[in-house]
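Quick note on our numbering: the sequence shown kicks off at 171 and runs consecutively. Just so it is clear, CB atoms sit at the ideal spot from N, CA and C, and this is done for glycine as well.
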Amino acid sequence: MNKFRTAAIQILSEVKKPLHYKEITKIALDKGILETEGATPDQSMNAQIITDINKKGEGSDFIKTAPSTFALNPNKKVIEPKKHKKVLEEEAQEEEKISIDSGFTGKAGEHLVCSELLFRGYNASIMSVDVGMDIIATKNNKLFSIQVKTANANDYDTYNFDVRKVSFEKDYAGNTFYVFILKGKDKTDFLILPLHEMEKKLSEKAILFIPTYKKYRVKIDIREGNIFLGNKKHEMSYYLNNWKIIK
171 MNKFRTAAIQ ILSEVKKPLH YKEITKIALD KGILETEGAT PDQSMNAQII TDINKKGEGS
231 DFIKTAPSTF ALNPNKKVIE PKKHKKVLEE EAQEEEKISI DSGFTGKAGE HLVCSELLFR
291 GYNASIMSVD VGMDIIATKN NKLFSIQVKT ANANDYDTYN FDVRKVSFEK DYAGNTFYVF
351 ILKGKDKTDF LILPLHEMEK KLSEKAILFI PTYKKYRVKI DIREGNIFLG NKKHEMSYYL
411 NNWKIIK
């Protein structure tokens with residue numbers, strides 16, 4: 171099943187009331203239920219729910235209760251088998267498109283960070299095979315392993331990232347850093363965290379572990395020019411665009 175619809179069903183089942191699609195998306199992202207690197211997850215959520223209603227009619231999991239507001243369909247009907255097969259095929263195609271779009275965003279982020287490193291005198295290259303780290307760089311005879319995560323700002327100036335548990339716990343060559351690309355409406359920033367800082371914030375519960383999906387959820391907020399990790403207890407401005415810490 172499409173991950174946006176799966177997330178929407180779970181959220182609406184929990185709250186037991188209609189919600190605006192932006193609120194559904196926000197809750198799903200905050201809970202770590204929805205994983206996406208797409209530019210506009212809230213718009214994708216709205217489009218997927220509307221498409222589900224239009225294609226399935228009374229067989230949809232959703233009903234529209236007000237403009238841009240949805241609830242679970244209490245009178246959902248069984249879809250005729252032949253039509254159901256076609257719907258499943260179309261859902262698979264939609265899921266593949268979303269995955270491809272996310273892939274473009276992630277790869278663009280890797281090239282952006284690699285470019286920034288090259289401009290700063292690092293000999294950097296993108297890994298050909300996904301082994302957890304995205305970029306390997308060297309400078310002054312030192313080796314650096316760098317993982318890149320890219321997200322676009324939502325309507326609340328919040329950026330949501332997911333780090334797989336298996337990749338976080340691997341031992342990598344050299345010093346390890348995480349570069350979170352914050353693509354805002356007017357500018358792009360980089361939050362650059364060394365591994366030890368990631369581990370510290372994990373122990374302080376600023377970074378949450380989502381056991382169901384075996385991943386860590388990193389939530390970054392920008393408020394009045396300040397940057398926070400998880401909540402306002404963890405101010406991280408020192409690490410914002412500070413490429414000098416990669417040493």
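Going by alpha carbons, who is nearest to residue 403 out of 284, 389, 412? 389
Compute the minimum distance between the beta carbon of residue 190 and the heavy atoms of the ligand ZN, and state whether it is under 6 Å. The model depicted lacks the ligand ZN and carries no ligand whatsoever.
Beta-carbon spacing of residue 363, residue 409 below 7 Å: yes
Would you mind giving the Cβ-Cβ distance between residue 386 and residue 338, rounded to the nearest angstrom? I have them listed as a contact below 8 Å. 6 Å
May I have the straight-line CA-CA distance separating residue 212 from residue 236, to the nearest angstrom? 17 Å
Note the first and the last residue of the continuous beta strand (DSSP E) segment covering residue 329. 328 to 334
How would you write the range of the beta strand (DSSP E) that residue 306 sits in, first residue to last? 305 to 309
Range of the contiguous alpha helix (DSSP H) that encloses residue 192: 191 to 201
Have a look at the DSSP bridge pairing and note the partners of residue 347. 316, 364
Could you please give the first and the last residue of the uninterrupted beta strand (DSSP E) stretch that includes residue 295? 293 to 296
In its own chain, which residues sit with a C-beta less than 7 Å from the C-beta of residue 238, not counting the 5 before and 5 after it? 190, 191, 216
Less than 7 Å between the C-beta atoms of residue 178 and residue 194, yes or no? yes
Residue range of the beta strand (DSSP E) that includes residue 221: Segment 211 to 226 is the alpha helix (DSSP H) holding residue 221; no beta strand (DSSP E) there.
Since residue 241 and residue 187 should fall inside the 8 Å C-beta cutoff, what is the C-beta to C-beta distance between them, to a whole number of angstroms? 7 Å
For a test of the three-state rule: what should DSSP assign to residue 397, helix, strand or coil? strand
Since residue 331 and residue 350 should fall inside the 8 Å C-beta cutoff, what is the C-beta to C-beta distance between them, to a whole number of angstroms? 6 Å
In this structure, what does DSSP give as the bridge partners for residue 388? 331
Residue 171, DSSP secondary structure in three states: Note that residue 171 scores a pLDDT of 48, beneath 50, so its modelled location is shaky and nothing firm can be said.
Can you list, in chain order, the residues of its chain with a C-beta nearer than 8 Å to that of residue 393? Leave out the 5 residues immediately preceding and following it. 327, 402
For a quick check, are the C-beta atoms of residue 359 and residue 411 less than 7 Å apart? yes
May I ask which residues mark the beginning and end of the beta strand (DSSP E) holding residue 138? Residue 138 is absent from the model: the chain starts at 171 and stops at 417.
Rounded C-alpha distance that separates residue 270 from residue 296: Residue placement at residue 270 is poorly supported in this model, since its pLDDT is 48, which falls under 50; the coordinates are not used for a value here.
Distance check for residue 281 and residue 218, CA to CA, integer angstroms please. 30 Å
Taking only the alpha-carbon atoms, compute the straight-line gap between residue 413 and residue 288 and give it to the nearest angstrom. 12 Å
How far does the beta strand (DSSP E) with residue 415 in it extend, from its first residue to its last? Careful: residue 415 lies outside any beta strand (DSSP E) and carries neither H nor E.
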